[in-house]
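Asker: Take a look at this one; I'll ask things after.
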């Protein structure tokens with residue numbers, strides 16, 4: 412996977428370079444939920460397959476068309492493995508957690524990084540990370556994967572939000588902490604990394620609650 416050049420400018424300019432223009436209220440969140448979003452290289456993020464088998468089959472064909480070989484399922488609410496196995500050659504990797512909006516155990520990111528690194532060891536493999544809506548867990552997993560590939564947390568957040576405007580990245584602070592500590596950083600440095608993430612969110616607000624309600628409302632879940 413190609414990694415970006417780490418900016419060498421002073422912090423203020425670096426922060427500017429890692430900022431993007433984006434809507435606080437994304438247009439048509441429902442369509443964004445179903446979209447398979449290419450974040451970088453062979454890494455994608457999407458919402459889960461539909462419960463309607465016909466619609467799910469259409470989505471799966473989109474994944475196949477994109478060349479997806481592996482589905483990293485970071486949800487625990489349901490299991491599409493049997494359907495995927497019957498209708499494609501895509502391999503399913505289960506690393507699900509609850510979307511509780513609290514702090515995630517950092518070992519979760521270790522497992523994600525280990526799985527992704529093994530998958531990407533084959534240059535023909537492409538991975539989609541997916542939770543239910545593709546708003547919190549999936550994008551956060553993608554962030555951990557990028558960090559494991561050498562990206563900084565802010566670089567990863569920028570790429571994910573640019574590719575997927577509905578990405579709320581609720582566990583980005585946890586990813587930043589994990590990334591710092593796994594490189595031997597101190598607790599103080601881990602807290603500083605979290606502060607950088609918080610500042611990035613302040614510069615890039617997202618009406619997450621509204622977006623999620625619109626997704627649910629349009630679908631009628």
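In this note's numbering, the protein residues as written are 412 to 632. Built from N, CA and C at the ideal position, the CB exists for glycine as well.
1. In angstroms with no decimal places, state the Cα-to-Cα distance between residue 625 and residue 480.
2. Run the CB neighbour count on residue 505, radius 10 Å, all protein chains shown included, and call it buried at 16 or more, exposed below.
3. Can you tell me whether DSSP reads residue 459 as helix, strand or coil?
4. Grouping DSSP H, G and I as helix and E and B as strand, with all else coil, what is residue 540?
5. Pick from 623, 621, 618 and 614: whose alpha carbon is nearest that of residue 432?
6. For residue 621 and residue 436, what's the separation of their Cα atoms in angstroms?
7. Determine the contact status of residue 444 and residue 577, defining contact as a CB-CB distance below 8 Å.
8. Run through DSSP, which three-state label would residue 454 get?
9. Under the assumption that residue 558 contacts residue 586 (Cβ atoms under 8 Å), give the Cβ distance between them as a whole number of angstroms.
10. Tell me whether residue 593 sits in a helix, a strand or coil according to DSSP, three-state version.
11. Pull up the distance between the alpha-carbon of residue 496 and that of residue 503, whole angstroms please.
12. Hey, out of 452, 610, 459 and 434, whose CA is closest to residue 446's CA?
Answerer: Here's the rundown:
1. As a working mapping, residue 625 is identified with position 214 in the chain shown. As a working mapping, residue 480 is identified with position 69 in the chain shown. A straight-line Cα-Cα distance of about 31 Å links residue 625 and residue 480.
2. Taking the first residue of the chain shown as 1, we reach residue 505 at position 94. Around the CB of residue 505, fewer than 16 other CB atoms lie within 10 Å, so the residue is classed as exposed.
3. As a working note, residue 459 is residue 48 in the chain shown. Residue state, collapsed to three classes: coil.
4. To locate residue 540, count along the chain shown from 1; it is residue 129. Strand, per DSSP.
5. Counting from one through the chain shown, the residue named residue 432 turns up at place 21. It is 614 whose Cα lies nearest to the Cα of residue 432.
6. On the chain shown, position 210 is the one that residue 621 refers to. On the chain shown, position 25 is the one that residue 436 refers to. Straight-line Cα distance between these residues: approximately 8 Å.
7. Position 33 of the chain shown, counting from 1, holds the residue named residue 444. Position 166 of the chain shown, counting from 1, holds the residue named residue 577. Going by C-beta atoms, residue 444 is nearer than 8 Å to residue 577.
8. Position 43 of the chain shown, counting from 1, holds the residue named residue 454. Reduced to three states, the DSSP call for residue 454 is strand.
9. Numbered from its first residue, the chain shown carries residue 558 at position 147. Numbered from its first residue, the chain shown carries residue 586 at position 175. Cβ-Cβ separation between residue 558 and residue 586: approximately 6 Å, consistent with a contact (criterion under 8 Å).
10. In the chain shown, residue 593 corresponds to position 182, counting from 1. Collapsing the DSSP output to three states places residue 593 in a helix.
11. Position 85 of the chain shown, counted from the first residue, corresponds to residue 496. Position 92 of the chain shown, counted from the first residue, corresponds to residue 503. So the two alpha carbons sit approximately 8 Å from each other.
12. In the chain shown, counting from the first residue as 1, residue 446 sits at position 35. Looking at the Cα atoms, 459 is the closest of the given residues.
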